[in-house]
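Peer 1: Residue numbers (the working numbering): 338 to 732.
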Ligand code: GLU
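#1: Mind checking whether the beta-carbon of residue 444 lies closer than 7 Å to any heavy atom of the ligand GLU?
#2: In three-state DSSP terms, what is residue 666?
#3: Given that a residue counts as buried once 16 or more other Cβ atoms are within 10 Å of its Cβ, and exposed if not, what is residue 522?
#4: Which residue from 457, 487, 544 and 341 puts its Cα closest to that of residue 501?
#5: Between residue 672 and the rest of its own chain, which residues show a CB-CB distance below 7 Å, the 5 nearest in sequence each way excluded?
#6: Below 6 Å CB to CB, which residues in the same chain sit around residue 383 once its five sequence neighbours on both sides are set aside?
#7: With residue 585 as the anchor, note down where its beta strand (DSSP E) starts and where it stops.
#8: Which runs of the beta strand (DSSP E) spanning at least 3 residues fall entirely within the region 572 to 635, listed in chain order?
#9: Counting contacts by CB-CB distance shorter than 8 Å, is residue 608 in contact with chain B?
#10: Looking only at C-alpha atoms, which of 413, 363, 481 and 546 sits nearest to residue 658?
#11: Helix, strand or coil: which one does DSSP assign to residue 354?
#12: Tell me which same chain residues have a C-beta within less than 8 Å of the C-beta of residue 617, skipping the five on either side of it?
#13: In the region 423 to 502, which residue ranges form an unbroken alpha helix (DSSP H) of at least 4 residues, counting only runs that do not cross its ends?
#14: Thinking C-alpha only, which one of 448, 484 and 360 is nearest residue 666?
#15: Is residue 608 closer than 8 Å to residue 584 when the C-beta atoms are compared?
#16: Can you list, in chain order, every residue whose CB sits closer than 6 Å to a heavy atom of the ligand GLU?
#17: Taking the continuous beta strand (DSSP E) assigned at residue 797, which residues delimit it?
#18: Which one or two residues does DSSP pair with residue 377 in a beta bridge?
#19: Which residues in the same chain have their Cβ closer than 7 Å to the Cβ of residue 697, if we skip the five residues on either side of it in sequence?
#20: Looking at the strands, I want to know which residues DSSP matches up with residue 549.
#21: Quick one: grab the DSSP three-state call for residue 674.
#22: Measure the C-alpha to C-alpha separation of residue 656 and residue 340 and round it to an integer number of angstroms.
Here's what the structure looks like:
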């Protein structure tokens, strides 16, 4: 029979972050000593108090289907978290719990975007935003930011990008892949532009909220004029070392939350029962409980910036959050290294994988073709060895 896939899937790009991680895993399974700095995944164990809550849930026989939008106790815990950390008032009816923040984002875009609608993305942006918009037959429209403005956009850039087709703008602070963090003043300036365009929704991805090295986190929905049109996305993967547990959530106007619940009800239903119970423990605990991980990321950040600074041709940004560095490596374009010609960031990332056995992710996937993303959510030994290897294959 002819292999006749839909155009939808045939045209969909593979997730570059997951593809690189899979490649690194495959090489490892063949015995190659690969250092994986491609995936944004903490290398810590999930804290014991969260694991204990999960074990308790198993023993308490939490095994049935969960409500599509999440256990009410979890939605209440999420509302407490939003109030405590972000000073945003959400009711449980405004919360939808999903299988990872990725599903929360997909729900949001599916329920708001019609074919032909424009969605503004600030490049560099996380790889899956554009793919998810394309699945909804929307148009991803990139607004470029660069290293000189710390990879942040100005109100003027936002204003210039808006057209009558603009339905949504996606913002992400701390940012994946740049690590940039918007200040309250910067977000208020962007909000002032949006106030002139009342029909544009804002998807604010705040999954890296707690991985922050000093600039206070500010949630876009804290701005009163933005509250009714903002969808706040968060989850437990990054801050609580719970990537595999797959729990993300959204706080949004109730009519949008209801639509997302309807969407999720036809696709995956409620998120995993045990992971949801564990998430209640995670969110109700004082944020101090996870500070040891943030402190360690902060110290690794210092370390990797110092080490990378010694490599010729790397133009480094100074990330203020998340656990990525996003250097400009275009210095190497047009050069031939060990007989391999480097024409673009993908060639460069493949070269590092093949020659240095270090996995990174090409900037093309994030809308920035001059850069690569290096995750420092890895041990200091791995970071140091990886940078040594990179230096060796570039000299
Ligand atoms: N968000 C993480 C990353 O950017 C995990 C992989 C993914 O879902 O893209 O590495």
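Note that the Cβ used here is the ideal one computed from N, Cα and C, for glycine as well.
Peer 2: Reading off the structure:
#1: Answer for residue 444: no, Cβ out of range of the ligand GLU.
#2: Three-state result, residue 666: coil.
#3: The residue is exposed, with fewer than 16 neighbouring Cβ atoms inside 10 Å.
#4: Looking at 457, 487, 544 and 341, the one whose alpha-carbon comes closest to that of residue 501 is 457.
#5: Around residue 672: 679.
#6: In chain order, 578 and 579 place their CB closer than 6 Å to the CB of residue 383, counting only its own chain and leaving out the 5 sequence neighbours on each side.
#7: Following the DSSP letters along the chain, one finds residue 585 inside the beta strand (DSSP E) bounded by residues 585 to 588.
#8: 585 to 588, all fully within the region 572 to 635.
#9: Of the chains in the structure shown, none is chain B; there is only one protein chain.
#10: Out of 413, 363, 481 and 546, the CA that lies nearest to the CA of residue 658 is found in 546.
#11: When DSSP states are grouped into helix, strand and coil, residue 354 belongs to the helix group.
#12: If we look at residue 617 and ignore the five residues flanking it on each side, its Cβ neighbours are 390, 408, 410, 411 and 414.
#13: For the region 423 to 502, whole alpha helix (DSSP H) runs of length 4 or above, ordered along the chain, are 438 to 449, 464 to 472 and 492 to 498.
#14: When each option's Cα is compared against that of residue 666, the closest is 484.
#15: Going by C-beta atoms, residue 584 is nearer than 8 Å to residue 608.
#16: Answer in sequence order: 352, 354, 355, 376, 377, 439, 463, 464, 465 and 513.
#17: The requested residue 797 is not part of the displayed model; the chain covers only 338 to 732.
#18: Residue pairing by DSSP places residue 377 opposite no residue, since no beta bridge is assigned to it.
#19: So the qualifying residues of the chain are 374, 375, 686, 689, 709, 710 and 711.
#20: Residue pairing for residue 549: DSSP places it in a beta bridge opposite 658.
#21: Residue 674: strand per DSSP, three-state reduction.
#22: In a straight line, the C-alpha of residue 656 is about 45 Å away from that of residue 340.
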